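Working notes, beginning with the structure itself.
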């Protein structure tokens with residue numbers, strides 16, 4: 007009588023504790039990398055937003071100055087004659103030196119619909135709590151005092167990535183009407199706690215006065 011074949015027992019090999027811990031470690035490293043990437047992407051998007059809005063605000067002020075230049079009908083540093091009552095920004099060039107640039111100033115529009123400051127979305131605002139971007143204007147004679155070069159810069163606070171402990175004195179750099187030459191200009195070229203976008207345009211008179 008032949009012996010019966012007995013079925014072989016199969017064993018399903020499972021994961022060891024070491025393999026499980028290695029898998030968890032790899033997943034953890036990957037998750038940390040993804041979170042760091044997300045943080046970097048968020049900061050890059052925010053910086054891109056700041057540059058876009060500041061560029062838009064700068065262009066808005068360049069257009070306002072060119073619009074104001076349509077009322078310029080007299081050449082030279084002795085003053086401007088406007089052909090309407092809407093001259094807002096260029097009347098100060100009578101005090102400009104012949105060869106040097108003027109100071110950076112925040113010009114005050116007569117209409118409250120316009121402002122030297124803008125909120126996070128790029129809308130004109132004069133409410134201090136909403137101000138994020140600040141536009142300054144600097145005028146200088148050019149072409150033998152037959153035209154003006156208008157420089158416009160829009161600046162904003164560059165916040166610290168880790169915290170604002172080293173930015174406690176940023177309140178000193180407030181966006182207010184009037185002269186903004188010394189403190190802001192120094193900070194933009196110094197410690198770098200402010201960022202800015204700058205552009206220029208040439209303004210000519212639309213008609214030569216007698």
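Residue numbers (the numbering used here): 7 to 216.
Cβ atoms here follow ideal geometry from the backbone N, Cα and C, with glycine treated the same way.
These numbers were taken from a predicted model, which means no experiment stands behind them.
On the DSSP bridge list, what partners appear for residue i?
| i | result |
| --- | --- |
| residue 129 | Bridge partners of residue 129: none, in fact. |
| residue 184 | 112 |
| residue 200 | 163 |
Please state the DSSP three-state secondary structure of residue i.
| i | result |
| --- | --- |
| residue 194 | helix |
| residue 205 | strand |
| residue 159 | strand |
| residue 108 | coil |
| residue 153 | strand |
| residue 141 | strand |
| residue 123 | strand |
| residue 146 | strand |
| residue 77 | coil |
| residue 34 | helix |
Do residue i and residue j have their C-beta atoms closer together than 9 Å?
| i | j | result |
| --- | --- | --- |
| residue 164 | residue 127 | no |
| residue 65 | residue 205 | yes |
| residue 199 | residue 75 | no |
| residue 110 | residue 159 | yes |
| residue 78 | residue 96 | yes |
| residue 145 | residue 98 | yes |
| residue 208 | residue 156 | yes |
| residue 105 | residue 147 | yes |
Problem set entry | Cβ contact (3+ pairs, closer than 8 Å) linking the region 28 to 42 and the region 182 to 192 | no
For this session: Flag this pair as touching only if the region 48 to 64 and the region 135 to 142 have three or more C-beta atom pairs under 8 Å; answer yes or no.
Result: yes
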